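J.: Mind looking over this structure? Questions follow.
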Amino acid sequence: MHLADVAGAIRFLEANPGLTGAINLASPNPVDDRTFMETLRRVLGVPVGLPMHRWMLEPGAWLIRTETELVLKSRWVIPGRLQEARFSFEYPELEGALRQVVDSRPKNR
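Residue numbers (our numbering): 1496 to 1604.
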């Protein structure tokens, strides 16, 4: 989920106090990790990427004192209540969100 949509959803929830309880802040179009990485490489212009395996994550997990399971486990979350309430996402698709982030980076000179 793009940061602009997170901020927009928070403002939307503040303006709609009738929406109570758990509200999922998530993209309306979730993707799996393979699709995420393919899209990220395309947006960055990186032709090849190495797959990450559990054994590759273990040293990093050890350094930050966490479990690899927290990195590897995922949930397919849909922002159903936000969509029902007609929240409008500025970046509903992954590629558009990533392109905006990449395009807004400061350029090295």
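Where is the CB? At the ideal position from N, CA and C, for every residue including glycine. Since we're looking at a predicted model, the values are computed, not measured.
Considering only the alpha carbon of each residue, which of 1520, 1510, 1512, 1548 lies closest to residue 1586?
T.: Here the question's residue 1586 lines up with position 91 in the sequence shown. It is 1520 whose Cα lies nearest to the Cα of residue 1586.
J.: Using 8 Å as the threshold, is the C-beta distance between residue 1498 and residue 1593 below it?
T.: Residue 1498 sits at position 3 when you count from the first residue of the sequence shown. Residue 1593 sits at position 98 when you count from the first residue of the sequence shown. For residue 1498 and residue 1593, no; Cβs fall outside 8 Å.
J.: Measure the CB-CB distance between residue 1518 and residue 1577 and report whether it falls below 8 Å.
T.: For the purposes of this step, residue 1518 is identified with residue 23 of the sequence shown, where counting begins at 1. For the purposes of this step, residue 1577 is identified with residue 82 of the sequence shown, where counting begins at 1. In this structure, residue 1577 lies closer than 8 Å to residue 1518 by Cβ.
J.: Between which two residues does the alpha helix (DSSP H) carrying residue 1553 extend?
T.: Translated into the one-based positions of the sequence shown, residue 1553 becomes position 58. Taken as a continuous stretch (DSSP letters only), the alpha helix (DSSP H) holding residue 1553 covers 1549-1558.
J.: Quick check on this structure: which residue in 1533, 1538, 1513, 1549 has the alpha carbon closest to the alpha carbon of residue 1600?
T.: The residue labelled residue 1600 in the question sits at position 105 within the sequence shown. It is 1538 whose Cα lies nearest to the Cα of residue 1600.
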